[in-house]
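Student: Sequential numbering from 530 applies to the sequence shown in my numbering.
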Amino acid sequence: MNLLRDFFIFTCSNAKKISGECKLCGKLYSDNAGSTGNFHKHLKRKHSSEYNKSKFPDSFASENDTQDYSENFEDKAIKINQTILKELIVKCNLPPTLVEHTGFRNFLKMVAPKWKPTSARYFTKTLLPSLMNNSQEKLRNLLDSIDHLSITVDIWIDRRGRSFIGVTGHFLDLNFEPQALLLDFSRLKGPHTGENIRLATGEILGNLKIQNKVYRVITDNAASMIRAYKFGLTVNDDDYTTQDHNNFQQADSSIEFSDHDDIHISNEWRLTDWCESDKCLDDDGEDISIRLSCFAHSLQLAVRDGLKDTPFLSRSLLKCMQLSQRSSKSTKIVDLLDDIGKTINRSNLTRWNSEYLLMKSIIGLGKKTIDEITDIIDDNELKFNNNDFTILQEAVDILEPFAEITTRIQSGSVVTASLVVPSVVHIIEHVNHIKPHLSILKKMCIQLEQSINKRFAGIVKRLSQQSVDTNDPFSDPIYFVCAVLDPEFKFYWLSQMKYKPTVESHTKQLLIHMILNECEHSIGTSFDNMAHMQSSLSSEAA
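1) Determine the extent of the beta strand (DSSP E) in which A709 is found, giving its start and end residues.
2) Under 8 Å between the Cβ atoms of T919 and I873?
3) For Q772, name the three-state secondary structure that DSSP assigns.
4) Leaving out five residues before and five after F700 in sequence, what residues of the same chain have Cβ atoms less than 6 Å from its Cβ?
5) Over the uninterrupted beta strand (DSSP E) stretch that includes T936, give me the two end residues.
6) Would you mind listing the alpha helix (DSSP H) stretches within the region 958-1023 that are 4+ residues and don't spill past its ends, in chain order?
7) What residues are listed by DSSP as bridge partners for C551?
8) First and last residue of the beta strand (DSSP E) that includes Y820?
9) Which residues bound the alpha helix (DSSP H) around D868?
10) Which of the three DSSP states, helix, strand or coil, is assigned to V619?
11) Applying the criterion that 16 or more other CB atoms from any shown protein chain within 10 Å of the CB defines a buried residue, is R534 buried or exposed?
12) With burial defined as no fewer than 16 other Cβ atoms inside 10 Å of the residue's Cβ, what is the status of F693: buried or exposed?
13) Around the C-beta of D1001, are 16 or more other C-beta atoms found within 10 angstroms, so that it is buried, or is it exposed?
14) From K645, V949, G870, G566, pick the residue whose C-alpha is nearest to that of D604; which is it?
15) How many Å lie between S1034 and A757 at the Cα?
16) Using the C-alpha atoms, what's the distance from T653 back to L617?
17) What first and last residue would you give for the alpha helix (DSSP H) that runs through R880?
18) Could you tell me whether the Cβ atoms of L967 and E901 are closer together than 8 Å?
19) Going by DSSP, what residues sit across from D560 in a beta bridge?
20) Given R634, which residues of its chain have a CB within under 8 Å of its CB, disregarding the five upstream and five downstream residues?
21) Can you pull the DSSP bridge partners for S843?
22) Would you please state the rounded distance, in angstroms, between the beta carbons of S827 and N877? I believe it to be under 8 Å.
23) Would you call the CB atoms of T903 and K896 closer than 8 Å?
24) Relative to the C-alpha of L671, which residue among R745, L703, I684 is closest?
25) Going by DSSP, name the residue or residues bridged to Q699.
26) How far does the beta strand (DSSP E) with T748 in it extend, from its first residue to its last?
27) Are F1018 and S947 touching if we call contact CB-CB under 8 Å?
28) Just to confirm my understanding: we take R984, look at its own chain, exclude 5 residues before and 5 after, and list those with CB closer than 7 Å. What are they?
29) With distances taken between CB atoms, is the gap from I739 to V696 smaller than 8 Å?
30) If you pair each beta-carbon of the region 993-1000 with each one of the region 925-945, do three or more pairs fall below 8 Å?
31) Based on DSSP bridge pairs, tell me the residues matched to S692.
32) Is Q976 near K848, with beta carbons less than 8 Å apart?
33) Using the C-alpha atoms, what's the distance from A729 back to A752?
34) Got a sec, what are the start and stop residues for the alpha helix (DSSP H) P646 sits in?
35) Suppose you measure from the CA of K620 to the CA of I613; what does that come to, to the nearest Å?
36) Near I963, which residues of its chain fall below 7 Å by C-beta distance, leaving aside the five closest residues on each side in sequence?
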């Protein structure tokens, strides 16, 4: 009866009848005293919605509550799918078809029971392009906030013969934190000529509107890379043997690779400034982008020079390579290595330190184990004698600092430019120190020393107090500036040069003067840019 009073105004006409006027429609109804059936029938027929809401209030959520719940559930489902895309498919490099696997879906049913199974096509056609657009927008906003950056450019060829060009950017953000970003990774069609590489890079920089912000361009030593980013660079084909990326580019045809083969580029280059005079450097108050050679690649070429034409090492190294290749095909040798918990590294043509790790792994096994392995192979030409182990040990001792430096400089998130000069100094000191203690590989040590003096001529000449030619590799003063300004190094590395006190003091003064000159040039450029901006604003205001 309390429910009905919300809808009717009741009156008692006599002791046997009860009447009521509907508050919603104004109609009059009557029923026997003690009975309410007619009133309930009217509400069910004419006002069922209001009647049910009043009779069952807990069963009916408001429309707003229902909408909020729907929106919250939808947002949660979207976040789950976005997390799957970012963390699993992108960062863990898992295939999009993962979301269609039964095991993965069963797992998500336990973690998020109301997650709706989604197809891999939805991830690749909808979510991935959306994530790409958002990431590119964030990248553009970040690049808009900086004035300068350095870029690296490299080319890859996959096993199907398709070529790709990758460009990374390196700079300090507004919080002075070093940033390393992939600016673009796109398909490179056609031959790997300098013109094609330059156009592809220009398109990438143009899309991001950073053509005028590039401070340095770092590439490997391929002749096509040098021609692509000339900026006044010259290549002397008479003095150096060059080999283009183009030699390995096969358009879209198939290319066969062995298990340990890869692309090997062995080229040299010469660096010159854009202009012949300092006056030209300051024209228009603009900074000048200069191509620099990749230190890791130059170091690899120097090691290759040292390993070249060393007959004793060549024979022992060939044994190591053959032993590594053949041991991987024998189940007995694999079981033997598993029992002692060791492995034999494999070498590839593009990474010299793979040969270093191969020799080190052979030495680590010891002569007894190597003899057991060669007995299983049953090939007398692969037998290792004591002389082979002496050669391998000397080679490992010589190359150990080269391998450590190569590992340390291969980083994208920390500053590595300051490592160049201290690394060259350490290598020079190491080669000079170890040379008298070698019994077999002195020639290798001499070849390494000659290659270092040639491939890092700009640095070596400055260390030797000689005049530096702009054509000398690594002649850019930026390497010394970075080393001195890095708190980890400062002038500490000068002690390895064993200068006389007067010479060391003079060298420090020269380096300080070099840094001040660089700062003056940067400040002058900044003031010129500021004056140019103020002039433009004044013109617009007028």
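Glycine included, C-beta positions come from ideal geometry on N, C-alpha and C.
Tutor: Straight from the coordinates:
1) Stepping through the sequence shown from its first residue, residue 709 is reached at position 180. Start and end: 707-716.
2) Start at 1 with the first residue of the sequence shown, and residue 919 comes out as number 390. Start at 1 with the first residue of the sequence shown, and residue 873 comes out as number 344. No, they are not a contact pair.
3) Sequence index remark: in the sequence shown, residue 772 carries index 243 (1-based). Caution is warranted here: a pLDDT of 42 is assigned to Q772, below 50, making its placement in the model unreliable, and no coordinate value can be reported.
4) Residue mapping note: residue 700 aligns to position 171 of the sequence shown, counting from 1. I675, L678, Q708, listed in sequence order.
5) By one-based count along the sequence shown, residue 936 stands at place 407. First-last for T936: 915-938, but that is the alpha helix (DSSP H), not the beta strand (DSSP E).
6) The alpha helix (DSSP H) runs of length 4 or more contained entirely in the region 958-1023 are, from start to end of the chain, 971-984, 986-992, 1007-1014.
7) Reading the sequence shown from its first residue, position 22 is the one you call residue 551. According to DSSP, C551 bridges with F537.
8) In the sequence shown, the residue the question calls residue 820 occupies position 291. The amino acid occupying residue 820 in the given sequence is Arg; Tyr does not appear at that position. Where R820 is concerned, the enclosing beta strand (DSSP E) stretches over 819-822.
9) Counting from 1 along the sequence shown, the entry for residue 868 is found at position 339. It spans 860-869 - the alpha helix (DSSP H) in which D868 sits, taken as one unbroken run.
10) As a first step, residue 619 is located in the sequence shown; it is residue number 90 there, counting from the start. The answer is helix: DSSP assigns V619 an H, G or I state.
11) Sequence index remark: in the sequence shown, residue 534 carries index 5 (1-based). Per the 10 Å Cβ criterion, exposed.
12) Looking up residue 693 in the sequence shown gives position 164. When all chains shown are included, F693 counts as exposed.
13) To locate residue 1001, count along the sequence shown from 1; it is residue 472. Burial call: buried.
14) As a working note, residue 604 is residue 75 in the sequence shown. The residue with the shortest Cα to Cα distance from D604 is K645.
15) Translated into the one-based positions of the sequence shown, residue 1034 becomes position 505. Translated into the one-based positions of the sequence shown, residue 757 becomes position 228. Using only the alpha carbons, I get a separation of about 41 Å.
16) Working through the sequence shown from its first residue, we reach residue 617 at position 88. Working through the sequence shown from its first residue, we reach residue 653 at position 124. Going by C-alpha positions, L617 is about 13 Å away from T653.
17) What you label residue 880 is simply residue 351 of the sequence shown in a count that begins at 1. Looking at the DSSP string, R880 is not in any alpha helix (DSSP H), and its letter there is neither H nor E.
18) Translated into the one-based positions of the sequence shown, residue 967 becomes position 438. Translated into the one-based positions of the sequence shown, residue 901 becomes position 372. Contact: no.
19) Locating residue 560 in the sequence shown gives position 31, where the first residue counts as 1. Bridge partners of D560: I547.
20) Translated into the one-based positions of the sequence shown, residue 634 becomes position 105. V628, P646, listed in sequence order.
21) Translated into the one-based positions of the sequence shown, residue 843 becomes position 314. Partner(s): none; S843 has no beta bridge.
22) Mapped onto the sequence shown, residue 827 falls at position 298. Mapped onto the sequence shown, residue 877 falls at position 348. Taking the Cβ atoms as the reference, S827 lies roughly 19 Å from N877, outside the contact range of under 8 Å.
23) Counting from 1 along the sequence shown, the entry for residue 903 is found at position 374. Counting from 1 along the sequence shown, the entry for residue 896 is found at position 367. Against a cut-off of 8 Å, the Cβ pair of K896 and T903 comes out as no contact.
24) The residue labelled residue 671 in the question sits at position 142 within the sequence shown. Of R745, L703, I684, the residue nearest in Cα terms is L703.
25) Position 170 of the sequence shown, counted from the start, is the residue given in the question as residue 699. It is worth fixing the name first, because residue 699 is His in this sequence and not Gln. In the DSSP output, where bridge partners are listed per residue, H699 has S679, A709.
26) For the purposes of this step, residue 748 is taken as residue 219 along the sequence shown, with counting starting at 1. Start and end: 743-748.
27) Reading the sequence shown from its first residue, position 489 is the one you call residue 1018. Reading the sequence shown from its first residue, position 418 is the one you call residue 947. Result yes, Cβ atoms of F1018 and S947 sit closer than 8 Å.
28) Position 455 of the sequence shown holds residue 984. Taken in chain order, the residues that qualify are S827, L830, A831, P1002.
29) For this step, residue 739 is matched to residue 210 along the sequence shown. For this step, residue 696 is matched to residue 167 along the sequence shown. No; because the gap between Cβ atoms is not below 8 Å, this pair is not in contact.
30) no
31) Counting from one through the sequence shown, the residue named residue 692 turns up at place 163. Answer by DSSP bridge pairing, in chain order: I686.
32) Locating residue 976 in the sequence shown gives position 447, where the first residue counts as 1. Locating residue 848 in the sequence shown gives position 319, where the first residue counts as 1. Cβ distance not < 8 Å, so Q976 and K848 don't count as in contact.
33) Residue numbering aside, residue 752 sits at position 223 when the sequence shown is read from its first letter. Residue numbering aside, residue 729 sits at position 200 when the sequence shown is read from its first letter. Distance between the alpha carbons of A752 and A729 is about 17 Å.
34) Residue mapping note: residue 646 aligns to position 117 of the sequence shown, counting from 1. It is not in any alpha helix (DSSP H) - P646 carries neither H nor E in the DSSP assignment.
35) Here residue 620 refers to the residue found at position 91 when the sequence shown is read from its first residue. Here residue 613 refers to the residue found at position 84 when the sequence shown is read from its first residue. Distance between the alpha carbons of K620 and I613 is about 10 Å.
36) Sequence index remark: in the sequence shown, residue 963 carries index 434 (1-based). For I963, where only same-chain residues beyond five positions count, the Cβ hits under 7 Å are D926, I927, C974.
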